[in-house]
Amino acid sequence: MEEGPGLDLIKLTTDKLSSDAVSGSVTSSSCGAVSLFIGTTRDHFEGKKVIQLEYEAYVPMAESEMRKICAEVRRRWPTVRHICIHHRLGVVPVTEASVIIGVSSPHRTESLEAVKYGINALKSTVPIWKKEIYESEEPCWKENSECLWTGSRSEGKTS
Numbered sequence: 016m017e018e019g020p021g022l023d024l025i026k027l028t029t030d031k032l033s034s035d036a037v038s039g040s041v042t043s044s045s046c047g048a049v050s051l052f053i054g055t056t057r058d059h060f061e062g063k064k065v066i067q068l069e070y071e072a073y074v075p076m077a078e079s080e081m082r083k084i085c086a087e088v089r090r091r092w093p094t095v096r097h098i099c100i101h102h103r104l105g106v107v108p109v110t111e112a113s114v115i116i117g118v119s120s121p122h123r124t125e126s127l128e129a130v131k132y133g134i135n136a137l138k139s140t141v142p143i144w145k146k147e148i149y150e151s152e153e154p155c156w157k158e159n160s161e162c163l164w165t166g167s168r169s170e171g172k173t174s
């Protein structure tokens, strides 16, 4: 039986992300559930062929916001054991993971809800910017529609 506090594992990296590494890092003998969210680069957006994505972040602030997400997960779901949030920076080719979130808990409901909360909170609060690289058009920096800091700025925006 494991003792001690649960782990909050945060990583921003240019390395390829591994779902096995995230799953393994949150696995616990006291938990019957490990839930993962894997966000991957898709090959299209609004009818345009996407070649790859490119991510940039203000790392100290991004890590701070990711730690806040972990704290809020623990407040809402106290039985959560381990939390892992990995986000890739730099170039992410089509089909590769941009973000992986893993959560373990004794039962599935808590880990599933915590993972859903985690990705939604990450998209709305963490300062990570995405540039889409298209096959036949100029690249375009994208804002997440969920971003709390974009609000009224996106309404009159033209691409």
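Here the sequence shown is numbered in this note's numbering, starting from 16 and rising by one per residue. A virtual CB, placed ideally from N, CA and C, is assigned to each residue, including glycine. Nothing here was measured: the structure is a model prediction, and the numbers come from that model.
- Query: Quick one: complete beta strand (DSSP E) runs, 3+ long, within the stretch 111-164?
  - Reply: 112-120, 143-149, 155-157
- Query: Considering only C-alpha positions, which residue in the set Trp144, Asp58, Leu32, Val74 is nearest to Leu51?
  - Reply: Taking only the C-alpha atoms, the option nearest Leu51 is Leu32.
- Task: Rounded to whole angstroms, what's the CA-CA distance from Trp164 to Pro142? Just pull it up for me.
- Result: With a pLDDT of only 46 at Trp164, under 50, the local geometry of the prediction cannot be trusted, and the value read off the model is given with reservation. Answer to the nearest angstrom: the Cα atoms are 9 Å apart.
- Item | Buried versus exposed call for Arg96 [16 or more other C-beta atoms within 10 Å across all chains shown] | buried
- Item | Rounded straight-line distance, which links the Cα of Gly47 to that of Glu150 | For Glu150 and Gly47, the distance between alpha carbons rounds to 44 Å.
- What's the C-alpha gap between Met76 and Arg82? Whole-angstrom Cα-Cα distance: 10 Å.
- Task: May I ask you to report which of helix, strand or coil DSSP gives Asp35?
- Result: helix
- Message: For Ser120 and Trp92, which I take to be in contact (beta-carbon distance under 8 Å), what is that distance rounded to the nearest angstrom?
- Response: 7 Å
- Item | Proximity below 7 Å, CB of Val41 to CB of Cys99 | yes
- Task: Whole angstroms is fine: what's the gap from Glu71's alpha carbon to Lys138's?
- Result: Glu71 and Lys138: Cα-Cα distance of roughly 14 Å.
- Query: Less than 7 Å separating the beta-carbons of Val88 and Ala129?
  - Reply: Between Val88 and Ala129, the C-beta gap is smaller than 7 Å, which places the two residues in contact.
- Measure the Cβ-Cβ separation of Glu125 and Thr94 and say whether it is below 7 Å. yes
- Express the C-alpha separation of Asn135 and Thr29 in angstroms, rounding to a whole number. 22 Å
- Query: Based on the DSSP secondary-structure assignment, which residues constitute the bridge partners of Ala77?
  - Reply: None, per the DSSP bridge assignment.
- Task: Just the C-alpha distance for Val106 and Val65, rounded to the nearest angstrom, thanks.
- Result: 12 Å
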